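Input: a single structure, listed below in structure tokens.
Number of protein chains: 2
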Amino acid sequence: MARKIAILGGTGPEGSGLANRLARAGEHIVIGSREAPRAQEAARRLCAHIGGAAKIEGADNATAAAQCDIAVLTLPFSGQAALLKQLKGVWKPGTIVIDTTVPLAATVGGSPTRMIGVWQGSAAEAAAELLPAGVSIAAAFHNLSAELLTGDAPIDCDVLVCSDDEKAKQVATELAAKIPGVRALNGGKLENARIVESITALLIGLNIRYKVHSAGVRFTGLPAK
Amino acid sequence: MARKIAILGGTGPEGSGLANRLARAGEHIVIGSREAPRAQEAARRLCAHIGGAAKIEGADNATAAAQCDIAVLTLPFSGQAALLKQLKGVWKPGTIVIDTTVPLAATVGGSPTRMIGVWQGSAAEAAAELLPAGVSIAAAFHNLSAELLTGDAPIDCDVLVCSDDEKAKQVATELAAKIPGVRALNGGKLENARIVESITALLIGLNIRYKVHSAGVRFTGLPAK
Chain G
70 MARKIAILGG TGPEGSGLAN RLARAGEHIV IGSREAPRAQ EAARRLCAHI GGAAKIEGAD
130 NATAAAQCDI AVLTLPFSGQ AALLKQLKGV WKPGTIVIDT TVPLAATVGG SPTRMIGVWQ
190 GSAAEAAAEL LPAGVSIAAA FHNLSAELLT GDAPIDCDVL VCSDDEKAKQ VATELAAKIP
250 GVRALNGGKL ENARIVESIT ALLIGLNIRY KVHSAGVRFT GLPAK
Chain A
70 MARKIAILGG TGPEGSGLAN RLARAGEHIV IGSREAPRAQ EAARRLCAHI GGAAKIEGAD
130 NATAAAQCDI AVLTLPFSGQ AALLKQLKGV WKPGTIVIDT TVPLAATVGG SPTRMIGVWQ
190 GSAAEAAAEL LPAGVSIAAA FHNLSAELLT GDAPIDCDVL VCSDDEKAKQ VATELAAKIP
250 GVRALNGGKL ENARIVESIT ALLIGLNIRY KVHSAGVRFT GLPAK
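These protein sequences, in sequence, are chains G and A.
When the letters of the first sequence are read in order and numbered with the numbering used here, they come out as residues 70 to 294.
When the letters of the second sequence are read in order and numbered with the numbering used here, they come out as residues 70 to 294.
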């Protein structure tokens with residue numbers, strides 16, 4: 070049976086965008102939302118948008134999490150902990166969680182160009198604390214513009230993948246490389262997610278100052294593949 | 070009289086590299102060091118390296134600071150506060166300080182891929198607190214590889230300039246643009262220096278993991294100049 074990828078909080082712009090790109094790459098997607106009908110409606114719209122053989126379902130977050138092999142967290146930071154507590158007994162052993170969360174100050178009514186301090190160091194490390202044994206985590210996809218993810222054109226951006234688990238890092242790296250134009254880079258340990266998350270706040274600031282919508286980042290001086 | 074640029078702590082790799090590039094661009098450089106003879110020796114070596122009409126002097130840090138119009142701070146973070154306290158009564162009014170400091174954990178015996186927490190938010194904001202009225206500050210140059218700064222080839226890296234002072238931001242932006250290949254970007258307020266500083270720790274990690282020496286960063290999706 071082909072693997073399923075749940076996109077939790079997947080009705081938002083970043084989640085819908087990732088669902089779009091991964092479904093186009095042939096992955097079987099389950100969009101998760103607080104309410105199943107909203108997720109099903111988002112899945113229907115995305116199927117119509119992509120056309121062809123796109124495999125996209127919708128379900129409430131817990132139902133999506135229970136059946137997936139890989140779960141991508143695309144909720145606002147303010148909703149992350151509550152959801153992960155709810156899902157603690159739900160995950161299948163071996164599930165890989167990919168956290169895309171950026172703890173922007175906007176999540177507590179502040180500016181989207183500022184971060185809030187997370188005691189654990191990063192949203193990813195906060196998430197890691199709330200996963201049961203046997204469920205591993207990588208952090209990735211933070212710096213991809215939601216607007217660019219909506220389409221199908223190549224995206225001029227690197228994805229830094231941070232994880233303490235080799236398998237999780239490998240899976241997230243392979244998924245990132247399925248998005249045209251994207252280069253997946255080894256971002257090192259999960260603790261480095263704090264830097265990668267904060268780059269998103271910097272990109273939002275560049276978007277504002279330069280009046281664009283989809284600033285991204287490339288790293289130079291690295292070996293060609 | 071042409072302006073003078075002091076490079077304080079300028080005998081280290083980052084400082085020497087910036088002195089090299091700015092002298093090549095025709096700027097009058099005063100390398101500052103704790104001991105004047107070391108600075109003078111570094112200035113002599115750099116003059117010989119560049120040749121031609123390079124204008125480079127050496128002096129102790131206070132003497133360099135007292136005569137400059139622009140001062141570039143290239144000390145390790147552990148030496149920054151002590152020097153700025155010493156210089157508080159030394160600066161000419163109107164001096165522009167450009168801080169390049171990255172508070173790497175290496176400065177307290179930790180890893181160069183980790184940062185230490187700075188109460189003010191960034192090394193640049195810590196520096197700002199120690200400047201007298203009339204001396205303004207911008208943060209820039211953090212992400213340029215010292216190795217690449219040593220030569221004269223174009224550098225494939227953007228420089229984010231962060232400042233709350235328009236004049237300081239403009240001066241730092243113009244200096245960055247004098248380095249071949251470099252694009253200077255408006256990094257917003259000085260508080261954003263915390264993100265730009267941390268990108269250096271990420272680049273050092275990329276250097277280690279990819280076995281290179283001069284990873285850099287470019288931002289995509291911005292308007293062409």
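Note that beta-carbon positions come from the ideal geometry of N, C-alpha and C, so glycine has one too.
Given the structure is predicted, the values throughout are model-derived calculations rather than measurements.
Beta carbon of residue i nearer than 7 Å to that of residue j
i, j, result
"G127/G", "A140/G", "no"
"H211/A", "V265/A", "yes"
"A105/G", "D129/G", "yes"
"E83/G", "T170/G", "no"
"D225/G", "G250/G", "yes"
"I125/A", "I98/A", "yes"
"I57/A", "R90/A", "Limits of chain A in this structure are 70 at one end and 294 at the other, which puts residue 57/A out of reach."
"T219/G", "G86/G", "yes"
Assigned exposure category for residue i - 16 Cβ within 10 Å defines buried
i, result
"H282/A", "exposed"
"E96/G", "buried"
"A193/A", "buried"
"P223/G", "exposed"
"G158/A", "exposed"
"S214/G", "buried"
"A117/G", "exposed"
"P172/G", "buried"
"A133/A", "buried"
"S267/G", "buried"
"A94/A", "exposed"
"A293/A", "exposed"
Same chain, Cβ closer than 6 Å to residue i, neighbours up to 5 away in sequence not counted
i, result
"R72/A", "D138"
"I100/G", "I76, G79, A88, A108, A111, A112 and G127"
"K238/G", "A207, V230 and S232"
"A175/A", "P181"
"A123/A", "A92 and C116"
Paired residues, beta bridge with residue i - DSSP
i, result
"N255/G", "V230/G"
"V286/G", "F288/A"
"H97/A", "K73/A"
"D129/G", "S102/G"
"V141/A", "I76/A and I167/A"
"S205/G", "I165/G"
"L173/G", "M184/G"
Close beta carbons around residue i, own chain, < 7 Å, minus the five adjacent residues each side
i, result
"R263/A", "G190 and S191"
"A197/G", "I206 and L259"
"Q155/G", "A131"
"F288/A", "D227 and L254"
Nonlocal neighbours in the same chain, by C-beta distance under 8 Å from residue i, ignoring five residues either side
i, result
"L272/G", "N212, S214, A284, G285 and V286"
"T269/A", "V171, L173, H211 and N212"
"L200/G", "L153, K157, W160, V166 and I206"
"L291/A", "L254"
"M184/A", "V171, P172, L173, A174, E266, S267 and A270"
Per the contact definition of three or more C-beta pairs closer than 8 Å, is the segment 161-181 of chain G in contact with the segment 204-220 of chain G? yes
If contact is defined by three or more beta carbon pairs under 8 Å, each pair taking one atom from either stretch, is the segment 147-155 of chain A in contact with the segment 239-247 of chain A? No contact exists between the segment 239-247 of chain A and the segment 147-155 of chain A.
Please confirm if the segment 175-195 of chain G is in contact with the segment 283-293 of chain G, defined as three or more CB-CB distances below 8 Å between the two stretches. Contact between the segment 175-195 of chain G and the segment 283-293 of chain G is absent, because fewer than three Cβ pairs lie under 8 Å.
Would you call the segment 225-235 of chain G and the segment 253-263 of chain G touching, i.e. three or more CB-CB distances under 8 Å? Counting C-beta pairs closer than 8 Å gives three or more between the segment 225-235 of chain G and the segment 253-263 of chain G, which meets the contact rule.
Pull out every residue of the segment 270-285 of chain A whose Cβ sits closer than 7 Å to any Cβ of chain C, in chain order. No chain C appears in the structure shown, which is made up of the protein chains G and A.
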